[in-house]
Amino acid sequence: MNVVWSEEASNSLTNIYFYILEDSPQNAEMVIEKIIELAEKLQNESFEYQLVFLSQPLLDKICFTAFKELL
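Residue numbers (our numbering): 297 to 367.
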């Protein structure tokens, strides 16, 4: 399975980084690296995750629930 970052996902990742950066530059880098690492793991270990769609008014979310602890 190929994991492709959409423009929205990439922008969200950037926003997360700058939000955390305000309080802790070290944590900002660590969190972003962990998110990227987990996304890359999906390419090789997608069978370990279950895709769950949650319907909400005006918003569809896609969540990955792991069968093991992610963080």
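Note that the Cβ used here is the ideal one computed from N, Cα and C, for glycine as well.
This structure is a prediction, so every number in the text was calculated from the model and none was measured.
According to the DSSP assignment, N311 belongs to the alpha helix (DSSP H) that extends over 303-317.
Here N298 carries a coil assignment [DSSP, helix/strand/coil]. Contact between I316 and V300 does not hold, since the beta-carbon distance rounds to 24 Å and is not under 8 Å.
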